[in-house]
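Read the structure below first, then the notes.
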Amino acid sequence: MKKHRTGKSTSSVWAGEEEYIMSNVTQVPVVHSVSFGYKDIDEWQQVALGLKKGHIYSRNTNPTVAVFEEKIRCLEGAEAATSAATGMGIISSVLFGLLAPGQRVVSVKDTYGGTNKIFTEFLPRFNVEVCLCPTTDHEAIEDEIRKGCDLLYLETPTNPTIKIIDLERLSRAGKKAGAVVVVDNTFATPINQQPLALGADLVLHSATKFLGGHADALAGVVCGRRDLIDKVYHYREINGATLDPMSAYLILRGMKTLALRIERQNQNALEIARYLQTHPQVKTVYYPGLETHEGHEIARKQMSGYGAMLSFMLKEETLAAVGKVIGGFRYAHAAANLGAVETIVGPPATTSHVECSEEERAAMGIPESLIRYSTGIEDAEDLKEDLQRALARLG
Ligand SMILES: *Cc1c(COP(=O)(O)O)cnc(C)c1O
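One gets my numbering by counting positions in the sequence shown from 1 and adding 59 to each.
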């Protein structure tokens, strides 16, 4: 056959891509490739069977996503990690990947709104019993664990009521009953709290929040015991809620400044909480760093910083009053998000518990007049002035 020049169509497809110059980059490449090719079928098979390191298809694993999983695994001090497209994606994968019909979950009333929906609406459909205890009643939680518990699910500090649960104490109770102990560590981040060191089996995050820190990408991740992570991964790869490489890259980029951001946010939040305590329009401030907070002693024991999240109740207990304040901020986004470099405010009715009805929120003990405040990295003086301006609209 006569040698001919490669055609334009073939060149459009292949030119420049036959060899990848991947070495010597100093930043993580965003690998958008859906699949990974192998000339050697034996090698391909070995990778497919997990006997050799590598990637086959990006719904299962992807090099950029793997770097993200490795970074958080190291931060949480875990054996293994796996991710999903969102925080809810990883929470569903944990629950549906580990539980079977006839089993029993013990958790608390104040979990994230979406998690609460899985507990009350979806798990019961599959004949999984869910018992939701009063959030800070440790004796009641221990009693329910003793009655039988396959999975203990905890979240601390809670969203949006900022309640504190003793992780060491309840992990011990869970382990004794043979339960898998899962902790949502989204609010604290591994900088402020390390649930695995306190006895949990799995720690998970909505990486959308503090890990990413810039409110521009959704992701979820779970770290912990290898055998459990394998099961969660297996469910997620089939269920298909896979994290895409571009989002993984954005979260990775954000994570480089995680410790710096959290350090500043811890300081700012404590200063804001103290300021709000003295404000005449504010009835109650919920922040674990305040000596007056009911969970302060536990927080002091298990957290190395009290976090960026606080909430406060106005003296005027109406949603209309909340609306007035929310509309008065200059340096805070009024939005259904948290954990970003910018300060973000919102009431539970339009943020964490938007999925729940007013009655359901009341049953969970979440007042309509609560304002959740996610402290950013701005200057504390400017944030205090902004709060003063917004609260002055009530006067
Ligand atoms: C936001 C959030 C989730 C859900 O995460 P998504 O990324 O929005 O799916 C779960 N838990 C907590 C504590 C959260 O704040």
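For glycine and all other residues, C-beta sits at the position ideal for the given N, C-alpha and C. All of these numbers come straight from a predicted model, not from anything done at the bench.
Among the options, nearest to residue i - alpha-carbon criterion
i, options, result
"Y294", "C282, G156, R359, G113", "G156"
"D209", "P193, A199, G237, E227", "G237"
"S433", "A421, E102, A393", "A393"
"L429", "P407, A379, L450, Q447", "P407"
"Q324", "A300, Y116, Y365", "Y365"
"P88", "R228, L311, D275", "L311"
"S265", "T145, T120, A395, L453", "T145"
"I297", "D441, K98, Y116, L229", "Y116"
"D202", "F181, V167, T220", "V167"
"A247", "L134, Q340, K290, A451", "L134"
"V400", "P426, A318, Q336", "A318"
"L211", "S71, I221, I425, V187", "V187"
"D438", "R452, G454, A328", "A328"
"I100", "K111, Q447, G387, T343", "K111"
"V341", "E138, G299, R431", "R431"
"I425", "P339, K443, T217, Q105", "T217"
"R205", "K222, F181, S230, A125", "S230"
"L263", "E102, Y97, A143, W103", "A143"
"G454", "Y334, Y345, G398, A380", "A380"
"V240", "E227, I385, P249", "E227"
"A274", "L397, A307, M314", "L397"
"R118", "A449, R452, T141, G136", "T141"
"V93", "T245, T120, R163", "T120"
"M147", "V281, G271, P193, V126", "V281"
"L287", "T245, S152, I131, I436", "S152"
"A159", "A259, L182, P193, D289", "L182"
Bridge partner(s) assigned by DSSP for residue i
i, result
"L263", "D243, V281"
"V404", "A393, Y432"
"C190", "V165"
"S370", "Y345, R431"
"Y97", "According to DSSP, which records beta bridges pairwise, Y97 is partnered with nothing at all."
"S142", "V280"
"L210", "V164, V239"
"Y116", "S94"
Inter-residue spacing [alpha-carbon to alpha-carbon] between residue i and residue j
i, j, result
"E214", "G66", "59 Å"
"D445", "Y390", "7 Å"
"R359", "C415", "32 Å"
"I331", "E356", "20 Å"
"P254", "V242", "7 Å"
"G405", "G173", "17 Å"
"G283", "E376", "42 Å"
"G233", "I149", "21 Å"
"H197", "I224", "8 Å"
"M362", "Q252", "5 Å"
"S68", "V90", "24 Å"
"T343", "H114", "52 Å"
"A367", "I221", "11 Å"
"S441", "R333", "Strictly speaking, residue 441 in this sequence is Asp, with Ser absent from that position. Cα to Cα, the separation comes out at about 15 Å."
"G313", "F269", "9 Å"
"A139", "Y308", "19 Å"
"V189", "L257", "24 Å"
"L108", "E129", "21 Å"
"A449", "A276", "29 Å"
"A300", "T337", "46 Å"
"T402", "F388", "10 Å"
"Y345", "G96", "53 Å"
Heavy atom of ligand 1 within 7 Å of residue i beta-carbon
i, result
"Y212", "no"
"D225", "no"
"F178", "no"
"K315", "no"
"D243", "yes"
"T402", "no"
"Y171", "yes"
"K268", "yes"
"G366", "no"
"L277", "yes"
"I150", "yes"
"L229", "no"
"S166", "no"
"T194", "no"
"G382", "no"
"N218", "yes"
"G405", "no"
"S370", "no"
"L397", "yes"
"S265", "yes"
"F246", "yes"
"L362", "The question names Leu, but residue 362 is Met in the sequence shown. Incorrect: M362 has no Cβ contact closer than 7 Å to ligand 1."
"G146", "yes"
"T174", "yes"
Proximity test, Cβ basis, 8 Å: residue i and chain C
i, result
"D438", "The structure shown has no chain C; it contains just one protein chain."
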